[in-house]
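No gaps in the numbering here: position 231 of the sequence shown is 264 in the numbering used here, and each next residue is one more. A virtual CB, placed ideally from N, CA and C, is assigned to each residue, including glycine. The structure displayed is predicted, hence computed values, not measured ones.
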Amino acid sequence: MDQTQRGWALAALAILVSSAVVYVFYALDAPQGPRGGSIIGLTFGAVGFAFMIFSALLGARKRVPTWRVGRAQAWMRGHLWLGLLALPLILFHGGFLFGGLLTRVLMWLLMITVLSGVFGAGLQHYIPPVMTSDVRLETIYDEIGRVRTLLREEADRAVESLCGSLGLPKTSDQQGRRAGGFTALRTMAASAVPLRTSAAVSAGASAAVAAAPEIILLSAEESAPLRRFYLDEMRLFLERSKQRGQRLGDAAKASSVFAGLRTLLPAAAHVTLADLEDICDEARQLTRQERLHHWLHGWLLLHIPLSLALILLGAIHAVMALRY
34 MDQTQRGWAL AALAILVSSA VVYVFYALDA PQGPRGGSII GLTFGAVGFA FMIFSALLGA
94 RKRVPTWRVG RAQAWMRGHL WLGLLALPLI LFHGGFLFGG LLTRVLMWLL MITVLSGVFG
154 AGLQHYIPPV MTSDVRLETI YDEIGRVRTL LREEADRAVE SLCGSLGLPK TSDQQGRRAG
214 GFTALRTMAA SAVPLRTSAA VSAGASAAVA AAPEIILLSA EESAPLRRFY LDEMRLFLER
274 SKQRGQRLGD AAKASSVFAG LRTLLPAAAH VTLADLEDIC DEARQLTRQE RLHHWLHGWL
334 LLHIPLSLAL ILLGAIHAVM ALRY
């Protein structure tokens, strides 16, 4: 817990302890036991419901960021700690009894909502550092599909620079595109320059020509292992990188695969192999980012609907209790 949370935590603890003390004396002094309809019971219920409403208003605050109603961080901390306090206060309100059907539904909704919120707060504390360490080339989440396509196209070009045409369909704007925050950070070995053969490189062509980035076409026999690996495995991985059980989806296994390829291909192809290995690593990072993103935000699919149902049914319960 950091310094910014400590003040809220201490305030919440003080409210909880003082409320518990009041409840104990109230419960011991009440002839018929604690009741939700008593003055103290209604006070607990009103304060607990007010905390629930404040927590629910965080959604409205996020939708209208221009509202000058407190800082967003203060709203987030209040959402967490006051939302937590709502549960014991509502339990004090009902004397730890669930009562009728509506009350039971409300109590279960409240407990599940609070537990899901605590779970989500834990995820939001744990996942961002994991994302930073595991996804070094993090990109915009909505761009992941496009980045995957660009990675695949870049891999096609890299392999074709060694093996010649793979007979794969190409989009009209495929040439020259880069994959945003991912492949823009890495220079490919192959580019649109005069073609040379691996035999020429091995024979020792002029240093001035060899120093420039170039496309080196291997012979059919030399390129066969790379062509087979790319078409049978790597391209399928780039198309379906989220599918589990693939060798290239595991960093250690992928490293072993590329190490084996280096023993089968001439030295002139090793730079391009390194580029292909980097592309596979980027594809794995994209998959990792997607999974972490789903964990980071998926719990809201449960938490938000339950919160809205809780507020609605809580308002109905309050009106019915006051009228009848």
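Which stretch, first to last residue, makes up the alpha helix (DSSP H) that contains residue i?
i: Ser71; result: Neither: Ser71 is in no alpha helix (DSSP H) and is coded neither H nor E.
i: Glu176; result: Where Glu176 is concerned, there is no enclosing alpha helix (DSSP H), given that its DSSP letter is neither H nor E.
i: Leu297; result: 284 to 297
i: Val147; result: 134 to 167
i: Gln279; result: Element bounds for Gln279: n/a, residue is neither H nor E.
i: Leu319; result: 303 to 331
i: Leu117; result: 105 to 127
i: Phe262; result: 253 to 262
i: Phe131; result: Phe131 -> no alpha helix (DSSP H), and no H or E assigned at all.
i: Leu271; result: 268 to 272
Would you tell me roughly how many angstroms separate the C-alpha atoms of residue i and residue j, rounded to the nearest one?
i: Phe125; j: Val55; result: 10 Å
i: Gly69; j: Arg321; result: 49 Å
i: Ile48; j: Leu335; result: 28 Å
i: Ile145; j: Thr165; result: 30 Å
i: Phe152; j: Leu135; result: 26 Å
i: Gly81; j: Pro64; result: 24 Å
i: Arg260; j: Leu142; result: 57 Å
i: Met140; j: Thr37; result: 30 Å
i: Met13; j: Leu346; result: Outside the displayed range of the chain (34 to 357) lies residue 13, so it cannot be described from this structure.
i: Leu297; j: Glu323; result: 34 Å
i: Phe270; j: Ile160; result: 26 Å
i: Gly128; j: Arg104; result: 35 Å
Under 7 Å: does the beta carbon of residue i sit that close to some heavy atom of the ligand SAM?
i: Met144; result: By its list of ligands, the structure shown contains no ligand whatsoever, and the ligand SAM lies outside what it can speak to.
What residue from the options has the CA that sits closest to residue i's CA?
i: Leu195; options: Arg324, Val304, Gly128; result: Val304
i: Leu118; options: Ser252, Ala53, Ser198; result: Ala53
i: Ala191; options: Pro161, Ala79, Leu156, Leu251; result: Leu251
i: Leu306; options: Asp189, Asp283, Ile349, Pro67; result: Asp189
i: Ala253; options: Leu341, Lys286, Glu193, Gly40; result: Glu193
i: Pro258; options: Leu43, His326, Gly293, Ser289; result: Gly293
i: Gln318; options: Asp62, Ser288, Thr172; result: Thr172
i: Lys286; options: Glu272, Glu266, Pro299; result: Glu266
Cβ pair count under 8 Å reaching 3, the segment 70 to 85 against the segment 147 to 162: No, because fewer than three Cβ pairs between the segment 70 to 85 and the segment 147 to 162 fall closer than 8 Å, the two stretches do not touch.
For the segment 109 to 116 against the segment 306 to 326, are there 3 or more C-beta pairs whose distance is under 8 Å? Cβ pair count under 8 Å is below three, so no.
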